[in-house]
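These protein sequence lines are chains Y and C, in that order.
Note that the working numbering has the first sequence beginning at 15, numbered continuously upward.
Note that the working numbering has the second sequence beginning at 15, numbered continuously upward.
There are 2 protein chains.
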Amino acid sequence: MHDSHIRIRDPFWDGYQELVRRTVIPYQWEALNDRIEDAEPSRSIRNFRIAAGLEQGEFGGWIFQDSDLYKWLEAVAYSLRRHPDPELERIADEAIELIGAAQHDNGYLNTYYTIQEPGREWTNLYEAHELYCAGHLFEAAVAYAEATGKRKLLDIACRFADLIDRLFGAKPGQMQAYCGHPEAELALVKLYRATGEERYLNLSLFFIDERGRQPSYYMEEWERRGRTSIWAQGSPNLEVYQSHLPVREQPAAVGHAVRAVYLYTAMADLARLTGDAKLREACERLWANTTRKQMYITGGIGATHLGEAFTFDYDLPNDTVYSETCASIGMIFWARRMLQLEAKSEYADVMERALYNNVLGSMAKDGKHFFYVNPLEVWQEASARNPDRLHVKPVRQKWFGCSCCPPNVARLLSSLNDYIYDVSADGRTLHVHLFIGSEAKVRLAGRSVAISQRSALPWDGRIEFAVSLPEGEGKAAFELALRVPAWFQSGAPELAINGETASYRVENGYAKVERDWQDGDTVLWLLPVETKLIAANPQVRADAGRAAIQRGPLVYCVEEADNGKPLASLALAEQPGLTETADAELLGGCVVVEGNGRILDSSAWAEDRLYRPLDKRQQSVRFKAIPYYLWGNREPGEMSVWLRY
Amino acid sequence: MHDSHIRIRDPFWDGYQELVRRTVIPYQWEALNDRIEDAEPSRSIRNFRIAAGLEQGEFGGWIFQDSDLYKWLEAVAYSLRRHPDPELERIADEAIELIGAAQHDNGYLNTYYTIQEPGREWTNLYEAHELYCAGHLFEAAVAYAEATGKRKLLDIACRFADLIDRLFGAKPGQMQAYCGHPEAELALVKLYRATGEERYLNLSLFFIDERGRQPSYYMEEWERRGRTSIWAQGSPNLEVYQSHLPVREQPAAVGHAVRAVYLYTAMADLARLTGDAKLREACERLWANTTRKQMYITGGIGATHLGEAFTFDYDLPNDTVYSETCASIGMIFWARRMLQLEAKSEYADVMERALYNNVLGSMAKDGKHFFYVNPLEVWQEASARNPDRLHVKPVRQKWFGCSCCPPNVARLLSSLNDYIYDVSADGRTLHVHLFIGSEAKVRLAGRSVAISQRSALPWDGRIEFAVSLPEGEGKAAFELALRVPAWFQSGAPELAINGETASYRVENGYAKVERDWQDGDTVLWLLPVETKLIAANPQVRADAGRAAIQRGPLVYCVEEADNGKPLASLALAEQPGLTETADAELLGGCVVVEGNGRILDSSAWAEDRLYRPLDKRQQSVRFKAIPYYLWGNREPGEMSVWLRY
């Protein structure tokens, strides 16, 4: 289904859409131009200017810095689609001119190699991110062409893609290789969709098929480079780059988490487009492993900062966690593709979990500060003074030297309308994955159908739909499939059509109603939002004897600002007596959960006594929890998602 | 008091003394000669042979590898003192010949510089450990001379010390500098004691006074070396090497834990010998900070493997812990010196805690396998697959590339007789710090007094003393001062003299009785050993809501071998019902503690379910705890000291 016909209108999400448009995108443009005070300079625009011959200087920033500009342009494209803005479009067009000026005659485009190592292109596929940056160019180009109808960036992208297609492949003289950081694979699928050019689809499949073949291209390349590497890591770590085995044989999610989910996203795309059963099985296997064994309750993935990586099943430490923002965004990309492969609610459940918690929480309310790492437990002194936890920042940062995350947030939020609905391949079923107020125009059963959704989520689970048909068209026979969220646990949700309770059947986690819909039909879908205490599988050592608070899709946390410290002293009482209060003032308005807690009696301890016989005396307190996505927006302090009980 | 008059005879400790003599020392000799299969070669002897011109080759092992041989010789000396062994002495003498052959004419002795960088001596005091290795030579030389009466090694040491004394100092042309790794400071005090040469004492004090002066010698040296370093750490980290401030101004224990406690040991020696009040205050301040804010219940120190370092107050993670064996041994050295500075039981309490738990636990029962890191919580899959926890080995290793710890254990255990008693400066009080069965001959009130101690610790707290006076000497008027251990918590211990209850006064944690002692007098000191649940200060986030089991000086732990896994699922029941059983078969015999536990009901969880609403159902179990020092002597598995309650 084409994106441009869905427009979000939602009391919760409109604010984010506007924040991205009014603040995030302009702020990130300043960042790309090195105009944010006290923040590490991006050097992204400057690199393009140098590569284009407009300025003299050295390359600055990370080797993959080009991708920040591309991701920003992609976000701009989505924003323009929703909200035309001639001034923003003019700035974007200028940036695109600059990108074009940095492109070589043969189509090559990468400012690092152009400035710093001309002639050494494609000699370090393991680390140098050339195809990764190309992929982000392709994604931006497709989005910009679809939003504005302008082909300039798409032409730049296709010229580069054509060069890559000539250089890489199984024919004599071609490189039988693939990028250390998956991204081109999923982007080539988009480029194929936008252009209809099958070469791009085949090239993506080639990269996927090559990955993990023995002997390893990376090992050979490393020998050719005289065993040198950019980051002095020694010989290539094939597992960290998901190239230890052919992708169809990989049993579990391993290695760098962002790389992993970008790879799996492309695999799911290709499984759908090619019907490759082995590839689909691999996607399903890796999905099950990731989401059922290696995912934080916030939808975060990546248990260690060393390699920004997965570790192994059930290893989910809350304090030394990584849970990179980009990895959670990648989970959402992947979940989206899994839904297109098969509409099963578990994919949408994970998509929603990552979106409302890890991803939303990564951005400050001001749209100008971001978390790269999204911890489930923060002790700010430890973040400052324990080197194992330096990566866990207790406050969001203005910008990062490695700033992959902020523009990724921007492009996800500004394209969120693409994540709400799917029409089945036969054109007869409309799946509603996310309950986000929106106006959609879709083709169903050969008709143009307008669906209006109103949702009170995440605070309340009353969701309403209205069906509109073009004037004069009497009826449309299609199936409406409404997700039954995993967080809804009390019996069957109530469905009413035109005010009357209606029955439905549940298939793959979707409540389905097939009928002849008429103009003006209304649907009421009631998903009462209840506050629940959630436990983790006992195999998760870090969460043993602890519970998290979840209300609808939102995970909650306790903060020092509300509950004092140390938060580790706080436990849930036997009778937690949880209550919910809407607080319109707090953090822009949210539902606060309060409960009965017990805290260790610190007053009975001398400061200089470290150990003594156990005394279980505890004080009763009323604690206060706020949605996780809002944490860290007040004075810095401790935070915890999991509470002892 | 002179060491040679105290001999351990104790059912618990005799085994360790013999293990060191029969197994640890011979095994480590094999290791130093690279004859342990499948273990990293030491290269220590080989380096000396190359430096002596007896063999060709490159230097091998760490830059401080010489110290392993010195520490082994020191252990040999202590062992010979207790148990003469001509064959062992012959091997040691040969090693000493070899050391002498590697010494330069001017006294210089360091195989790394002799082999690898001749002419570059003393250019990298920050990292190169030359004075550190010299210190271990001095310690070995003093011990060997005292044990055997042979001066050869002592002469080698003095020649080197004399060279160092000429090179370092405040006079023109001298280096105003000090070693990156404290050790020479404490060793020079020993050399002073053995030789009476005040220059050595003054040199030690010079190093102590120089440390932390601004501008930093290390920064200047780094510039002179063209900003290069051996371990590519960038510019010197002054805090990690305790050189950020003059030692008398340092407010808290920071940096590399072994370096720290070796430094503090020398500071305490010098405070006592010089009467320097500021230095003593610094010792007391650093002691309070270390033991009351930064010490594990096992007597381990060092909360992070990055820098093998202290982090900050109350930061004592159990899983990512470091707690290096050498650091705990250094704590014992330091505690010993603090006791000499002032006989206060808290020093002996810490000494005992570190000895019976962290240090004893570092060695396998076979005397051939060692822990470098001593964790309080082990999940063996995490040790294999989470890079944040790779340093935590679930099984003791045969030998280490950096093998500072095994010979340190050997020299501590073989000199343990030196840690039991002190005679006060006025010669009128005998302090009993440790309750270890032993025969002592000491000078008290001008008399030669023999004290026989019998102790049933750590299993039972019945301690007996017998006083013997030389024939014909009727009485000796002295004070007996028996430590009241911190683990004894039930009222006042019972003291009986010649079978009759006697009163005593308690001063600085010692029960003191002054009387005219007669030959044949007996003393009974009853310290009932009870099993206690211990809590940590609520500021220690890692231990919140958890308790440890302690029985007398022994900390206990639960192991997978007895309790299954995951151990995190196990919690103490409301009524723990702890019982004690002596098990003569288990792990060579120990007292086992059993108790009532509850475990999370794993059976109710599908393997592929990660989160679900909390269900507090738990199963009752009887759990089994063993002394921590015995952990890891069966099949590898999970282990935990702290239990949820």
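Using N, Cα and C, we set each Cβ at its ideal position, and we do this for glycine too.
Shortest alpha-carbon distance to E32 of chain Y belongs to which of Y:L509, Y:V554, Y:S634, Y:A424?
Y:A424
Residues in the region 598-617 of chain C having any Cβ partner in chain Y nearer than 9 angstroms
I613, L614, D615, S616
Q79 of chain Y versus Y:G149, Y:G121, Y:T242, residue with shortest Cα-Cα distance
Y:G149
Can you have a look at K638 of chain C and say buried or exposed, based on whether 16 or more other CB atoms are within 10 angstroms of its CB?
buried
My understanding is that G602 of chain C touches K379 of chain C, with C-beta atoms under 8 angstroms, so please give their C-beta distance in whole angstroms.
6 angstroms
Exposed or buried, which one is P472 of chain C when buried takes at least 16 other CB atoms within 10 Å?
Its Cβ being crowded by 16 or more others within 10 Å, P472 of chain C is buried.
Neighbourhood of D402 of chain C by C-beta distance below 7 angstroms, restricted to the same chain and skipping five residues each side
T334
Along the chain, where does the alpha helix (DSSP H) containing K166 of chain C start, and where does it finish?
166-181
Of the residues Y:A362, Y:F73, Y:L483, Y:G651, which one's Cα is nearest the Cα of V498 of chain Y?
Y:A362
Burial state of G321 of chain Y (16 or more Cβ within 10 Å)
buried
For a contact meaning CB atoms closer than 7 angstroms, what does S583 of chain Y contact in chain C?
For S583 of chain Y, the C-beta contacts it makes with chain C under 7 angstroms involve P552, A558, in order along the chain.
Between D283 of chain Y and L390 of chain Y, what straight-line distance do the alpha-carbon atoms span, to the nearest angstrom?
32 angstroms
Are any of the Cβ atoms in chain C nearer than 8 angstroms to that of W619 of chain Y?
yes
Taking Cβ-Cβ distances below 8 angstroms as the criterion, which residues of the region 300-314 of chain Y are in contact with chain C?
A302, T305, R306, K307, M309, I311
Against chain C, does Y361 of chain Y count as a neighbour if the rule is that its beta carbon must be under 8 angstroms from one of theirs?
no
Whose C-alpha, out of Y:C571, Y:A291, Y:Y278, Y:S397, is nearest the C-alpha of M352 of chain Y?
Y:Y278
Using a Cβ cut-off of 9 angstroms, pull out every chain Y residue sitting near I548 of chain C, in sequence order please.
Y625, R626, P627, L628
N- and C-terminal bounds of the beta strand (DSSP E) containing E453 of chain Y:
452-458
Given that a residue counts as buried once 16 or more other Cβ atoms are within 10 Å of its Cβ, and exposed if not, what is T515 of chain C?
exposed
Would W645 of chain Y pass as an interface residue toward chain C - the criterion being a Cβ-Cβ separation below 8 angstroms?
no
Residues of its chain near G121 of chain C, where Cβ-Cβ distance is below 7 angstroms and the 5 sequence neighbours each way are ignored:
R173, F174, D176, L177
What in chain Y is Cβ-close to N400 of chain C, meaning under 9 angstroms?
A317, T318, L320, T325, F326, D329, P331, T334
8 angstroms Cβ cut-off: residues of chain C touching N507 of chain Y
According to the sequence displayed, residue 507 of chain Y carries Pro and not Asn. In chain order: nothing, as chain C lies at least about 17 angstroms away.
Taking just the CA atoms, how far does I170 of chain C sit from E101 of chain C?
Approximately 22 angstroms, taken between the alpha carbons.
Give the residues of chain C in contact with G286 of chain Y, contact being defined as C-beta atoms less than 9 angstroms apart.
First, the residue type needs correcting, since residue 286 of chain Y is Arg and not Gly in the sequence shown. Going along chain C, no residue has its Cβ under 9 angstroms from R286 of chain Y, so there is no contact; the nearest lies around 24 angstroms.
Buried versus exposed call for A155 of chain Y [16 or more other C-beta atoms within 10 Å across all chains shown]:
buried
To the nearest angstrom, how far is the alpha carbon of E645 of chain C from that of V34 of chain C?
It should be noted that the sequence gives Trp, not Glu, for residue 645 of chain C. Looking at the two C-alpha atoms, the distance is approximately 19 angstroms.
According to DSSP, N610 of chain C sits in a beta bridge with which residue or residues?
C:R636
Indicate whether N431 of chain Y and I39 of chain Y have their beta-carbon atoms separated by less than 8 angstroms.
No, the pair does not count as a contact, with Cβ atoms beyond the cut-off.
Would you say Q675 of chain Y faces chain C, with C-beta separation under 8 angstroms as the test?
The question about residue 675 of chain Y has no answer here: the residues shown for chain Y are numbered 15 through 659.
Please confirm whether D576 of chain Y has its beta-carbon closer than 8 angstroms to some beta-carbon of chain C.
no
Span of the beta strand (DSSP E), counted from its first residue to its last, around F479 of chain C
That run of the beta strand (DSSP E) goes 476-482.
Applying a beta-carbon distance threshold of less than 7 angstroms, which residues of chain A neighbour W393 of chain Y?
Among the protein chains in the structure shown, which are Y and C, there is no chain A.
Short of 6 angstroms in beta carbon distance, which residues of its chain neighbour V635 of chain C, apart from the five on each side in sequence? Order them along the chain.
Cβ within range, chain order: G611, I613.
Looking at the strands, I want to know which residues DSSP matches up with E253 of chain C.
DSSP, once it has assigned bridges, lists no residue as partnering E253 of chain C.
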